[in-house]
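Novice: Would you mind keeping the following structure in view while I ask a few things?
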Amino acid sequence: MDLQFKRTRIAPTPSGFLHLGNVLSFALTAVLARQTGAQILLRIDDMDRERASREYVEDIFDTLHFMEIPWDEGPRNYAEFEKEFSQLHRLPLYEKALLQLREQGSVFACTCSRTQILALSPDGVYPGTCRNKGIPLDTKDACWRLRTDNRELRVKAVDQAIISDILPRSLKDFIVRKKDGFPAYQLTSLADDLYWNVDLVVRGEDLWPSTLAQQYLATVLNKPAFSGIRFFHHPLLTGKDGLKFSKSAGATSIQFLRKEGKKPADIYAMIAGMMSLAEPVKDRQSLARALRMI
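The sequence shown: position 232 = 232 (this note's numbering), numbered continuously.
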């Protein structure tokens, strides 16, 4: 690959034990980074205060070390993470973006519960209930939603292709500030990528809607630098039921597999088998070769 990048990131959330799907994404990130000269930042996204825990943060370090996935920047242990790298340290950055959205009139307050949304929209798509109600933004237990439309969004891929799309229905008027007052994922991820000058993002195909949401938010915030980031969306691992893995799937967690005596080579081979790759796979380099990435 002839392209050169400055920085990419591994960005797990400490809301469960890391699983095979995480290893796939992190391994491919490391391969592309080493191919293109990018530094790898470890960014732990801990803004979900209800689910984040020290146990899951420690598991991130344990899993990366065990699977021999390198990183160049970011915390090396829990103490460093807490002292310097938790997203709580960047709250002023996120609040500045939220203030801009508020002053622009780009957000509205919504008091709907998930139950109320599902009652009106069985597929869970927000029906715009509070869009024109004029609910004060300072209302207790109200989230902030971005006013969205069907504007064309353009995403740059690693292979230099430009992909045009619109925001999917599932993210219509997506949340940028949660009911607990903390900023939501789409806003923190965008702000952090800009803060760290990330120019390469590797993520699963399931996060394509998030890529579009972040591109949308960047246009509203007038952050043209974000449109320069190149994205690689890799295939997902799925279970026998065809559904993607989640952190609640205990049998696929790396912690569980380690306790079962699995070695890194065994785990990479499991990933290859689940992806029906014909070539033998024992590490991240051979995984990338089997996927025709190198």
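All C-beta atoms, glycine included, are put in the ideal place defined by N, C-alpha and C.
All figures in this text were calculated on a predicted structure; none of them were measured in a lab.
#1: Output the distance between the C-alpha atoms of F66 and V23, rounded to the nearest integer angstrom.
#2: Are the beta-carbon atoms belonging to D48 and Q87 less than 7 Å from one another?
#3: Give me the residue from A119, A27, S53, V158 with the minimum Cα distance to F5.
#4: Pop quiz: A38 and T8 are said to be a contact at Cβ under 8 Å. What is the actual Cβ separation, rounded to whole angstroms?
#5: From the DSSP output, which residues share a beta bridge with F231?
#6: Ignoring anything shorter than 4 residues, give me the alpha helix (DSSP H) runs that lie fully in the segment 65-151, in order along the chain.
#7: Return the residue from the list K259, A278, L217 that minimises the CA-CA distance to L101.
#8: Would the segment 172-179 count as touching the segment 115-128 if we require 3 or more Cβ pairs under 8 Å?
#9: On the three-state DSSP scale, how would you describe L237?
#10: Tell me whether the beta-carbon of A11 lies closer than 7 Å to the beta-carbon of R34.
#11: So, do the segment 88-100 and the segment 177-185 have three or more beta carbon pairs nearer to each other than 8 Å?
#12: Could you tell me the alpha carbon to alpha carbon distance between R131 and A109, rounded to whole angstroms?
#13: Where do the ends of the alpha helix (DSSP H) carrying T219 lie?
#14: Please name the residue in V155, L93, P168 whose C-alpha comes closest to that of D123.
#15: Between the beta-carbon of Q215 and the beta-carbon of Q186, is there less than 7 Å?
#16: Starting from S164, follow its DSSP beta bridges and name the residues at the other end.
Specialist: The structure says:
#1: If you draw a straight line from the Cα of F66 to the Cα of V23, it is about 11 Å long.
#2: Contact flag unset, no.
#3: If we check each option's Cα against that of F5, V158 comes out closest.
#4: Confirmed, Cβ separation roughly 5 Å.
#5: DSSP lists A157, V201 as the beta-bridge partner residues of F231.
#6: Fully enclosed alpha helix (DSSP H) runs of 4 or longer: 91-104, 114-120.
#7: Ranking K259, A278, L217 by Cα distance to L101 puts L217 first.
#8: They touch, by the three-pair rule.
#9: Coil at L237, not helix or strand.
#10: No.
#11: Yes, the segment 88-100 touches the segment 177-185.
#12: Distance between the alpha carbons of R131 and A109: 8 Å.
#13: 208-220 is the span of the alpha helix (DSSP H), which, as asked, contains T219.
#14: Nearest C-alpha to D123: P168.
#15: For Q215 and Q186, no; Cβs fall outside 7 Å.
#16: DSSP output for S164 lists R154 as bridge partner(s).
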